[in-house]
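These notes are about the structure you will find just below.
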Amino acid sequence: LSPGAEALGLTATEVAGQLRAAFLGTQLTEIRRGDLAWDLEVRLPDNDRAARADLNAFEIALPDGGAVPLSSIVTIDEARGWGGITRRNGLRTLTVAADVDGRIGNADAITAQLAEGFLPDLVTTTPGLDFEVGGQAANS
């Protein structure tokens, strides 16, 4: 964050939260009809999330109700993230980690949803794939 961002009443956590909600989405509510349920999520349309120019121009809401473009309060640099496939017990292993903002999501609920639905479905359609829940999620 630039020094001017703090003068506007912004913190890095707040800016990151606004970006996360806009680009990845945030759940507003759950809609139920009988035994069926749908999550109502809000995020920017795909065409507004496609280019770096869109990120630079993204409007960050200020505590006083105003807004400023993201590029006026931060410096954005492109860099490669650390990632890779390692081996454990002779098997190729990909580790996925995330920090969940408790105001937006519940880490245990997300992990349960992945472990009980998405990941088993992925295993059945991908020969040789297996998964293991570890870390804090495995200890809870």
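Residue numbers (UniProt numbering): 1 to 140.
Quick reminder that beta carbons are idealized off the backbone N, C-alpha and C, glycines included.
Everything numeric in this text was worked out from a predicted model, so none of it was measured.
Pull up the distance between the alpha-carbon of T125 and that of L119, whole angstroms please. 10 Å
What residue does the alpha helix (DSSP H) around L19 start on, and which one ends it? A12 to L24
Take every Cβ of the stretch 26-39, pair it with every Cβ of the stretch 85-95, and state whether three or more of those distances are shorter than 8 Å. no
Ignoring anything shorter than 3 residues or poking outside the stretch 49-132, list the beta strand (DSSP E) runs there in chain order. 59-61, 67-69, 86-88 and 91-93
Taking the continuous alpha helix (DSSP H) assigned at P3, which residues delimit it? P3 to A7
Using 8 Å for Cβ pairs, my map puts A107 next to V96. What's the rounded Cβ distance? No, A107 and V96 are not in contact; Cβ-Cβ is about 13 Å, not under 8 Å.
Please classify T75 as buried or exposed, where buried requires at least 16 other C-beta atoms within 10 Å of its C-beta. exposed
Which of helix, strand or coil DSSP assigns to D39: strand
I31: buried (16+ other C-beta within 10 angstroms of its C-beta) or exposed? exposed
Rounded to a whole number of angstroms, what is the C-alpha to C-alpha distance between E132 and G117? 14 Å
Inter-residue spacing [alpha-carbon to alpha-carbon] between G25 and L19: 9 Å
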